[in-house]
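If you use our numbering, the sequence shown closes out at 295, no skipped numbers anywhere.
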Amino acid sequence: MNALTSNGSRLNLLPMNAFSREMSRWIDELSHDAKTVGHAPVSIWESDDSFHLEFDLPGVNVENVDLKVVENSLHVTATRDICQDVTYVRQERNFGQIERQFSLPTRIDESGIEAEMDAGVLKVVVPKAPESQVKKIEIKGS
């Protein structure tokens, strides 16, 4: 295949195509066994009494999900295992460790956090802490 350059001469594109194919193959081979930290898409919204988070974790078993609160941060860690019994011809799905971390408002009720996993979606409800009430203090005098 030839293409015209800006000065009118012809440029042979076949060597570049071969180079591009070889580089793609090489990168695919290098990344085949690479273990990287993945990214789970999340939706977050707020209601009157809580924050809601939904994470897409398709193919992840509930036993492979860890959810904890550390110093006002919500940490989600999940692992999606790859099948070691097959040789893939093409592998586009992500496997390995998935991690997300979110700063929480300072006024939450940590003891009331609830989570459930359904159809590959992790649903987390983080209740807001009750607002502190203003209380008038009576001052006694003589």
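Even glycine gets a Cβ: it sits at the ideal position worked out from N, Cα and C.
query: Quick one: Cα of residue 197 to Cα of residue 291, how far?
result: 43 Å
task: Counting only the same chain and skipping the five closest in sequence on each side, list residues whose C-beta sits under 6 Å from that of residue 251.
output: 191, 193 and 231
message: DSSP three-state label for residue 295, please.
response: Correct three-state label for residue 295: coil.
task: State the start and end residues of the unbroken beta strand (DSSP E) segment that holds residue 289.
output: That residue, residue 289, is in no beta strand (DSSP E); it is neither H nor E in DSSP.
- request: Excluding the 5 residues preceding and the 5 following residue 270 in the sequence, name in chain order all residues of the same chain whose CB lies nearer than 6 Å to its CB.
  value: 215
query: Using the C-alpha atoms, what's the distance from residue 234 back to residue 217?
result: 9 Å
field: Rounded separation between residue 209 and residue 275 - CA only
entry: 7 Å
- prompt: Do we get a CB-CB distance below 8 Å when we pair residue 266 with the residues of chain B?
  reply: Included in the structure is just one protein chain, with no chain B present.
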